[in-house]
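Taking the numbering used here, the leading residue of the sequence shown gets 5, the next gets one more, and so forth.
Heads up, the beta-carbon is just placed ideally off N, CA and C, and yes, glycines get one too.
Step one of this worksheet: look at the structure below.
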Amino acid sequence: MDSSSFLVTQGVFSAHHPNIVVQHCHEGDISGYFDLFVGSIDESVIGLAAIYGSKGRMTMLAVSSRSRTLVVTLSFQSRRRVSAKKKKLKTKTVDKLHSLLCDPDVLKVTFYMDKLSAALFHDHGMRITQGKDLLSLSTNNNRTSIAALITVIGGDKMVFKEALTDLFFNDKPHKEAVKALALQAWVAYSASVLPSIYPRLNGLSSINTSFMPEKTLAIVSKTIRDMDRLVALKPSRKKHDVISKPEKQSLIISQRYKTKISRLSGTQRLRITFQRNGKTESIQVTKGVKVDGRQTTIEVGSKPMVFNTIKSVETVGREDPTPAEIQRTEFMLSVLQNPVILSQNPFIGAIWGLPKTSWKKNSATLVTPGIYFPSKRQLNESQSVAVNFILSSKTSDRVILIHGPPGTGKTTVIAAAVTSAMASFDTTRTIWLVAQSNVAVKNIAEKLANVDFWDFKIIVSKDFRFDWHEHLYVKIEENLIETSMLIDDVLATSRQLLGSRVILCTLGMLSNPKLSNVTSLVPPQTVIFDEASQIEIGDYMSLLHRFKSSLQKLVFIGDDKQLAPYGTSDIPELQSIFEKLHLRKAAVFLDTQYRMPVPIGTFISKHVYSGKLKSEHAILKSSCCRFIDVHNGVEQSKGHSWTNEQEVKVVVKIARQLIAQGKSFRIITPYDAQRSLLESSLKNAELTWEDKCFNIDSFQGNEDDYIVVTLVRTAKLGFLIDMRRVNVMLTRCKVGMIICTNRAFMENAAAETLVGKLQKTISGSIWIDGHDVLHKNIKTFV
Numbered sequence: 005m006d007s008s009s010f011l012v013t014q015g016v017f018s019a020h021h022p023n024i025v026v027q028h029c030h031e032g033d034i035s036g037y038f039d040l041f042v043g044s045i046d047e048s049v050i051g052l053a054a055i056y057g058s059k060g061r062m063t064m065l066a067v068s069s070r071s072r073t074l075v076v077t078l079s080f081q082s083r084r085r086v087s088a089k090k091k092k093l094k095t096k097t098v099d100k101l102h103s104l105l106c107d108p109d110v111l112k113v114t115f116y117m118d119k120l121s122a123a124l125f126h127d128h129g130m131r132i133t134q135g136k137d138l139l140s141l142s143t144n145n146n147r148t149s150i151a152a153l154i155t156v157i158g159g160d161k162m163v164f165k166e167a168l169t170d171l172f173f174n175d176k177p178h179k180e181a182v183k184a185l186a187l188q189a190w191v192a193y194s195a196s197v198l199p200s201i202y203p204r205l206n207g208l209s210s211i212n213t214s215f216m217p218e219k220t221l222a223i224v225s226k227t228i229r230d231m232d233r234l235v236a237l238k239p240s241r242k243k244h245d246v247i248s249k250p251e252k253q254s255l256i257i258s259q260r261y262k263t264k265i266s267r268l269s270g271t272q273r274l275r276i277t278f279q280r281n282g283k284t285e286s287i288q289v290t291k292g293v294k295v296d297g298r299q300t301t302i303e304v305g306s307k308p309m310v311f312n313t314i315k316s317v318e319t320v321g322r323e324d325p326t327p328a329e330i331q332r333t334e335f336m337l338s339v340l341q342n343p344v345i346l347s348q349n350p351f352i353g354a355i356w357g358l359p360k361t362s363w364k365k366n367s368a369t370l371v372t373p374g375i376y377f378p379s380k381r382q383l384n385e386s387q388s389v390a391v392n393f394i395l396s397s398k399t400s401d402r403v404i405l406i407h408g409p410p411g412t413g414k415t416t417v418i419a420a421a422v423t424s425a426m427a428s429f430d431t432t433r434t435i436w437l438v439a440q441s442n443v444a445v446k447n448i449a450e451k452l453a454n455v456d457f458w459d460f461k462i463i464v465s466k467d468f469r470f471d472w473h474e475h476l477y478v479k480i481e482e483n484l485i486e487t488s489m490l491i492d493d494v495l496a497t498s499r500q501l502l503g504s505r506v507i508l509c510t511l512g513m514l515s516n517p518k519l520s521n522v523t524s525l526v527p528p529q530t531v532i533f534d535e536a537s538q539i540e541i542g543d544y545m546s547l548l549h550r551f552k553s554s555l556q557k558l559v560f561i562g563d564d565k566q567l568a569p570y571g572t573s574d575i576p577e578l579q580s581i582f583e584k585l586h587l588r589k590a591a592v593f594l595d596t597q598y599r600m601p602v603p604i605g606t607f608i609s610k611h612v613y614s615g616k617l618k619s620e621h622a623i624l625k626s627s628c629c630r631f632i633d634v635h636n637g638v639e640q641s642k643g644h645s646w647t648n649e650q651e652v653k654v655v656v657k658i659a660r661q662l663i664a665q666g667k668s669f670r671i672i673t674p675y676d677a678q679r680s681l682l683e684s685s686l687k688n689a690e691l692t693w694e695d696k697c698f699n700i701d702s703f704q705g706n707e708d709d710y711i712v713v714t715l716v717r718t719a720k721l722g723f724l725i726d727m728r729r730v731n732v733m734l735t736r737c738k739v740g741m742i743i744c745t746n747r748a749f750m751e752n753a754a755a756e757t758l759v760g761k762l763q764k765t766i767s768g769s770i771w772i773d774g775h776d777v778l779h780k781n782i783k784t785f786v
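Below is the structure:
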């Protein structure tokens, strides 16, 4: 790569500054420029900035003094593949840069030192000493906001906000990227030497990865990288499914929870295209957007806008970090500034396999209660073993994994542990039941109600429940606390809890500031995580630190043969607790499933669970599973998703039959575009459509008597190669399953997939011609 030198004029600060000399080179050519840069360092401070490319890797690093900026392009080579000779050569070329980064007499400042120091090690094996994170000086909770940035570079009067926003928040073309990077590093330097900032740097904890144990730094850097990549997956544009009503033209009504309009945050704006007086118009608004459940109004000058016909509505810009994301970022930054935080937490050490730390003496004094489970169906042997491990007060049982395949009674185990613990003589024991999704939390609550245990509270956000999901909570309405009802008053919160020592909520809810009084009154002692195989392991970090004084036991229940953590398809390196082999090998296995008919259960046991899963079910005949040959169906690309219109027609016909027969059913598909088409087709056919059609990813933990599956694909395998998602799809039915697909595709291209093996295992007589279903009214189940 050719090296280059050029001058840059800053336009961020309102005060005049001389031009900055920028020199850009490849790491292999750094020697010729490095001494010039070092000679320009005054006040023993340098500013840093970086560019992160594919997979979040650091591709460029800029170091800046008052008058000069050096931009270095860094190569990335997998540590496994790079030869010793090349590694030695690379080490020589960047050794001077690394020495500067580790020089204790030079302060290094930047705006996201946590991300930069983690990437230095994760991508290039480099460390840093005396690293200062400028944004730690801000009192703004959102480190990623323009407001936080302005506060640490002198305030509104000292900068041009528009130029600052453009420099740090707008993507740059490749040709301008080096210039922008150089300016970012220079702005960091310039901010740090301001009279209002420089004295405060001494009181700011330094990041010294040079002194961190390699294993600890590897854990920290990977956790930070995973979080950055997950945030990057958030859409920058979101289209909303909405309607407007002629009688209320000021209202925009969201149709689907997944695509609902939410309150705008940060730099987001709402773009609305509509018809007015026969003309198509478009507006963008950043203020005056009021959301109440499904309904949204747009106010301009305190008056609601009127729309004749809404054509489209979309939110432009990524949402601000969630409270959980903010807490995770703050915790990982604090770990870099004070690494002893990790080694002092025995739960973090146990999960990540760090050197053993001692458990608090007073947290192992609870007496292990016996099992008390007032249910008609008694626990099987494996369930009893699991419950006993949950109840155990042994130090060796502080962190427990329970592996529960589909239909094995994971919520039954949770309910039995709760009823047993609450029936014990220890009236101070508390249990928090936590899951990734609201539906999973609701399922646990219903299981508790089914065994007549009502002394619990379930905390749900208003955004999820109001106007969208009230029907899910009818049975447990009296146990529900909506976040809008929580106020900053301990006495009022105590009255709401009514002495309950069992609290249910989502993992994200645990980070909600409104829960502070709840966690104070009911400090988490035993925390049981359901759907643990869907939770990215880094999401536990800040919670384990936050509740370290009360935590006594962690229980993780899940199935690493079902859905993986969100984002795994884009970031294969993501892990759940089940990928920690030192814990996984000791997991309790729930070995009997009660949901699926025996032929399906036996098949799943053989092909997914190595034959270890037993089935107890009244249905023994293979006719419980039917395949519909939609031979004229064709997969069609729909944006980033897929549809198959002919399969939709067949599914609508099957739905009409099942409704007429009074059968309870759900329809699931791997593609959201197909789910949307199914829903609209059922609605147009005047059939029950609400709460009927689901994407696989939103249906884990759910079940129904009959499950209708539309595979969509007819040429390429697509999702069929993902055994975890397919396993979820095939394990939802309690009585029967109907799979709509193309027989030729299934017997050839898809023959070795899990679905292909299922159709070979169950006798060929179960195939039904889709044409006969449509035109001869052939019934799938009688």
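- It is roughly 27 angstroms from the alpha-carbon of residue 664 to the alpha-carbon of residue 675.
- Scanning its chain for C-beta atoms nearer than 8 angstroms, with the 5 sequence neighbours on each side dropped, one finds around residue 48 the residues 109, 110 and 111, in chain order.
- Going by DSSP, residue 284 is part of the beta strand (DSSP E) stretching over 283-289.
- In this structure, residue 391 lies near residue 421, with their beta-carbon atoms less than 7 angstroms apart.
- Contact between residue 162 and residue 332 fails: their C-beta atoms lie close to 32 angstroms from each other, not under 8 angstroms.
- In the three-state reduction of the DSSP assignment, residue 63 falls in the strand class, which pools E and B.
- Close CB contacts of residue 516 within its chain, under the 6 angstroms cut and outside five residues either way in sequence, are with 327 (chain order).
- Shown here, residue 645 sits in a strand according to DSSP, grouped into three states.
- Within the segment 634-691, the beta strand (DSSP E) runs of at least 3 residues that lie entirely inside it are, in chain order, 640-642, 645-647 and 669-673.
- Residue ranges of uninterrupted alpha helix (DSSP H) with 4 or more members, entirely inside the segment 115-164 and ordered along the chain, are 117-128 and 150-155.
- Counted as a single uninterrupted DSSP element, the alpha helix (DSSP H) harbouring residue 765 occupies residues 758-765.
- By the Cβ-count criterion, residue 342 is exposed, with fewer than 16 other Cβ atoms from all chains shown falling within 10 Å of its own Cβ.
- Rounded to the nearest angstrom, the gap between the Cα atoms of residue 36 and residue 75 is 13 angstroms.
- The shortest C-alpha to C-alpha distance from residue 218 to any of 708, 130 and 526 is the one to 130.
- According to the DSSP assignment, residue 275 belongs to no alpha helix (DSSP H) but to the beta strand (DSSP E) extending over 273-280.
- Within the segment 199-256, the runs of beta strand (DSSP E) at least 3 residues long that lie entirely inside it are, in chain order, 241-244 and 246-249.
- Look at the segment 31-64 and you find these whole runs of beta strand (DSSP E), each 3 residues long or longer: 49-56.
- A residue is called buried once 16 or more other Cβ atoms fall within 10 Å of its Cβ, and residue 410 is buried on that count.
- For residue 698, the enclosing beta strand (DSSP E) covers residues 697-699.
- Our two residues, residue 677 and residue 608, have alpha carbons roughly 28 angstroms apart in a direct line.
- Looking at the backbone, the Cα of residue 169 and that of residue 150 are separated by about 7 angstroms.
- Taking a 10 Å sphere around the C-beta of residue 589, we find fewer than 16 other C-beta atoms and assign the residue as exposed.
- 68 is the residue among 68, 351 and 550 whose C-alpha sits nearest the C-alpha of residue 105.
- In this structure, 714 is the residue among 41, 714 and 396 with its C-alpha nearest to the C-alpha of residue 646.
- Annotated three-state conformation of residue 740 is strand, per DSSP.
- With respect to the C-alpha of residue 725, the residue from 246, 672, 754 and 707 having the closest C-alpha is 754.
- Judged by their CB atoms, residue 426 and residue 463 are not nearer to each other than the 7 angstroms cut-off.
- Close CB contacts of residue 308 within its chain, under the 6 angstroms cut and outside five residues either way in sequence, are with 254 and 301 (chain order).
- As DSSP reads the structure, residue 28 sits in a beta bridge with 8 and 75.
- Proximity of the segment 120-140 to the segment 213-230 meets the contact definition, three or more beta-carbon pairs being nearer than 8 angstroms.
- In the three-state reduction of the DSSP assignment, residue 14 falls in the coil class, being assigned neither a helical nor a strand state.
- Cβ-Cβ distances below 7 angstroms link residue 157 to 163, 191 and 195 in the same chain, with the five nearest sequence neighbours on each side left out; the list follows chain order.
- In the structure shown, residue 723 falls within a helical segment according to DSSP collapsed to helix, strand and coil.
- Contact between residue 188 and residue 66 holds: their C-beta atoms lie close to 7 angstroms from each other, under 8 angstroms.
- For residue 680, the number of other beta carbons within 10 angstroms of its own is at least 16, and it is reported as buried.
- Within the same chain, 150 and 271 come within 8 angstroms of residue 173 by CB-CB distance, once the 5 residues on both sides are set aside.
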